[in-house]
Amino acid sequence: MKILLYNPDNGVTRNFMPHLWMFLLQALTPPGHEVLLIDGNAQPMDEASIARFVREQNIGLVGIGAMTRMIAKAYRMADAVRAAGVKVVMGGPHVTELADEALGRDGGSRHADAVALGEADETWPRIVEDAERGTLKDIYAPVDDFGQERKPSLQPYPEIPWDKIKLDQFNLLPGIVQPLLKRVGAGWGTFRLVPVESGRGCPYGCEFCTVTGFFGDSIRFRTNESVVKELLLLKARAREEGGQIAVFFIDDNFAINVKRTKSLLRDIIAANAQVHWVAQISANLLRDEELVDLIAAAGGKWIFIGMESIDPANLADVKKGFNKPGEYAVVLDRLARRNVFAITSFIFGMDNDTPGVAERTLKEIRTWPAGLPIFGLMTPLPATPLYKRLEAAGRLTRPKHWQEFIPFAMAHTPLKMSIEEAHNEVRIGWANSYSPEAIEKAVDSLSHKPLGYRINIFIARLCFRGIYFPQMGRFAWLKALLENRRTIFKLIRQGFRGGLHAAVPSAVSAPVAKSGS
Ligand code: B12
Ligand code: SF4
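Just add 7 to wherever you are in the sequence shown, counting from 1, and you've got the numbering used here.
Here it is as structure tokens:
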């Protein structure tokens, strides 16, 4: 049977990284089937084109995975596939929480023939076999023979054949700059960011987060050996194709067990398996100097930190009191001293926020080492404790906000400001952090470091700008480059002064954006 795994586009930014679930399920598919992968962010498709594709390719089963914000598009695509006479199975965090919605049992129309609840590592082979036999069931739950929920142990972990997988759709370097970069330095034919997990689960249970409910509070780790092997495979591929590969460790809290993280990092160093990587780690775990030393030595370049707020009352409200705003600056300095920088994520529209929260936060940020601040709005995702609290209090203004996804729009009223005021605070956060002046300042603040770091932060800031300010087409990019021409010329001048080769870092560290940890 020919199987298509499809991930819808997020409708806002171009994806910079493939989704791990597709590669994982592909690796877990029983032999004898052909699995095709399409990420709508890299290969845009509409309803008509997916219907045509499944007919022309004679696809027998389509698997669709989506986060809440892409679910409306996922349903539309699923409807088109089903109308073409092909079965659809859906999985991922949204349909796990709202399986009835996908199956049309909540009064709406049906979008999926089957839903895979939770982690599908063990149910996927069964789904494929049932689909082939024509006996697909409505729901596949990861349970043992006694009906108890069973989470995959991740030991053993499937081998994802990164050396063979076609990754043509995932090259971050735009076609026009490739010939130029090839001239400047060897090894710049491609630049890929690849997701790797080393463990699953987070015990912290922050109120707005899906992770503890979905993956559970008991953490499961792969063996160090299997992670190291995967990194070596990726490193070899980068060498072979004359390109760069960076890794995003997608664990929700990469250092949740500090002892184990240190042991993994030591093994990565010992095996010379370092690639440049990004990981998510909560600020409280970055107090450990030895951990930060090992992060830097093992190739860590960017750490995503879910700071959420500089107000301890807000943090206590959302059960994230383990974040201590008083230590944010110390943590960021500790990282920056080792040339590791931070993606600092903030949420506005929290219950203790008042107008002016953006400027108060920016004032703090300006005292920190240059990084990548990102700003989002408090969003009640289905089945989170936050959703339940707001629903019980009658505060949801758009209880099914995912059915009509609007980027950067609240779905409930905050307590101490209006929805419009919250939206405005987010706008202020982005506008101030990603204006040409702010970008130039961030680049200049690294003037004591080699030029590569300045180029790195410049490219990363330009990419991150696109999370809020639409930057999808060539013209939008051209406009952004024109607006930032002062910084570009400055960097070019510095590059020629120091020699062209000095201008290119060994691998531009990859930018990312999400919320968690
Ligand atoms: C990596 C990541 C991202 C990446 C993008 C995704 C990518 N390219 O990999 C980035 C960094 C861009 C990102 C951004 C965001 N993210 Co994010 N992200 C993650 C993260 C950390 C890892 C995803 C992952 O690969 N997990 C590991 C795989 C193995 O798990 P999985 O995807 O769930 O797949 C398993 C099952 O769900 C199932 N499955 C999944 N799909 C399918 C499909 C089929 C057919 C089947 C059968 C099974 C199946 O099988 C898989 C194996 O068990 C998760 C948290 C987490 N731990 O999952 C959050 C998470 C998915 N993100 C989340 C959110 C909210 C966001 C943002 C909206 C945050 C923000 N405020 O901006 C943005 C929006 C993204 C956008 N613009 O598109 C939420 C989603 C919650 C929800 N209900 O939708 C999560 C769960 C984190 C959280 N804090 O709650 N994110
Ligand atoms: S926000 Fe981060 S620390 Fe909190 S529960 Fe989610 S993954 Fe864990």
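Just so it is clear, CB atoms sit at the ideal spot from N, CA and C, and this is done for glycine as well. It should be emphasised that the depicted structure is a prediction, and the values quoted were computed from it without experimental measurement.
Nonlocal neighbours in the same chain, by C-beta distance under 6 Å from residue i, ignoring five residues either side
i: Asp137; result: Leu143
i: Ile45; result: Tyr13
i: Leu339; result: Ala349, Trp375 and Pro376
i: Gly115; result: none
i: Ile263; result: Ile226
i: Gly70; result: Leu12 and Val96
i: Ser452; result: Ala377
Nearest candidate by alpha-carbon position, reference residue i, set the options
i: Cys209; options: Gly223, Phe198, Arg199 and Leu200; result: Gly223
i: Asp152; options: Ile288, Ala416, Ala85 and Thr130; result: Thr130
i: Arg76; options: His101, Val61, Pro159 and Phe60; result: His101
i: Val455; options: Ala390, Gln50 and Ala343; result: Note that residue 455 corresponds to His in the displayed sequence, not to Val. Comparing Cα positions, the closest option is Ala343.
i: Val218; options: Leu292, Pro392, Phe415 and Asp274; result: Pro392
i: Gln176; options: Pro25, Tyr475 and Ile446; result: Pro25
i: Glu248; options: Lys94, Trp169 and Gly67; result: Trp169
i: Ala390; options: Thr351, Arg227 and Phe221; result: Phe221
i: Gly401; options: Asp145, His419, Arg472 and Lys173; result: His419
i: Gln501; options: Asn439, Leu458, Leu469 and Pro477; result: Leu458
i: Phe23; options: Pro319, Gln410, Leu174 and Ala445; result: Leu174
i: Lys486; options: Met357, Arg345, Glu41 and Pro443; result: Pro443
i: Ile317; options: Gly306, Gly333 and Val122; result: Gly333
i: Ala49; options: Lys326, Ala73, Asn17 and Phe482; result: Asn17
i: Ile446; options: Glu427, Cys470 and Val433; result: Cys470
i: Arg89; options: Asn359, Arg133 and His118; result: His118
i: Asn178; options: Phe228, Ala416, Ala253 and Asp53; result: Ala253
i: Ile372; options: Gly436, Leu322, Ala320 and Lys327; result: Gly436
i: Cys213; options: Arg405, Ala467, Val122 and Ile354; result: Ile354
i: Ala305; options: Lys326, Ala277, Gly313 and Arg294; result: Ala277
Collapsed DSSP secondary structure at residue i in the structure displayed
i: Glu366; result: helix
i: Ala390; result: coil
i: Pro457; result: coil
i: Gln162; result: coil
i: Glu156; result: strand
i: Met77; result: helix
i: Gln287; result: strand
i: Gln251; result: strand
i: Lys308; result: strand
i: Pro51; result: coil
i: Arg117; result: coil
i: Arg504; result: helix
i: Leu27; result: helix
i: Ser522; result: Residue placement at Ser522 cannot be trusted, given a pLDDT of 48 that sits under 50; what the coordinates show is reported in the next sentence. It is coil, neither helix nor strand.
i: Ile172; result: coil
i: Gly473; result: helix
i: Phe215; result: coil
Sequence-distant residues of its chain with Cβ nearer than 7 Å to residue i (five each side left out)
i: Leu271; result: Ser205, Asn231 and Val234
i: Arg504; result: none
i: Leu301; result: Lys269, Leu272 and Arg273
i: Leu27; result: Pro202, Glu204 and Ile257
i: Ala109; result: Met97, Val102, His118, Ala119 and Val122
i: Glu104; result: Pro389 and Ala390
heavy atom of the ligand SF4 below 7 Å from residue i C-beta
i: Tyr13; result: no
i: Phe260; result: The sequence given here has Asn at residue 260, not Phe. Yes, Cβ of Asn260 sits closer than 7 Å to a heavy atom of the ligand SF4.
i: Gly378; result: no
i: Thr36; result: no
i: Thr219; result: yes
i: Gly206; result: no
Any non-hydrogen atom of the ligand B12 within 7 Å of residue i CB
i: His118; result: no
i: Arg227; result: no
i: Thr361; result: no
i: Pro25; result: yes
i: Phe222; result: yes
i: Trp284; result: no
i: Ile252; result: no
i: Asp86; result: no
i: His419; result: no
i: Thr351; result: no
Beta-bridge pairing of residue i - partner residues as DSSP gives them
i: Leu11; result: Leu43 and Val69
i: Ala123; result: Gly98 and Tyr147
i: Arg227; result: Arg207
i: Pro380; result: Thr351
i: His419; result: Leu403
i: Gly313; result: Ser352
i: Pro202; result: Phe255
Own chain residues within Cβ distance below 8 Å of residue i, not counting five before or after
i: Val519; result: Its pLDDT being 44, under 50, Val519 is placed unreliably by the model, and the measurement read from it follows with that caveat. Here the set comprises Phe23, Met24, Leu200, Phe255, Val285, Trp309, Phe311 and Ile350.
i: Gln64; result: Lys9, Leu11 and Leu43
i: Asp360; result: Ser316, Asp318, Asn321, Pro421, Lys423, Met424, Ala429 and Glu432
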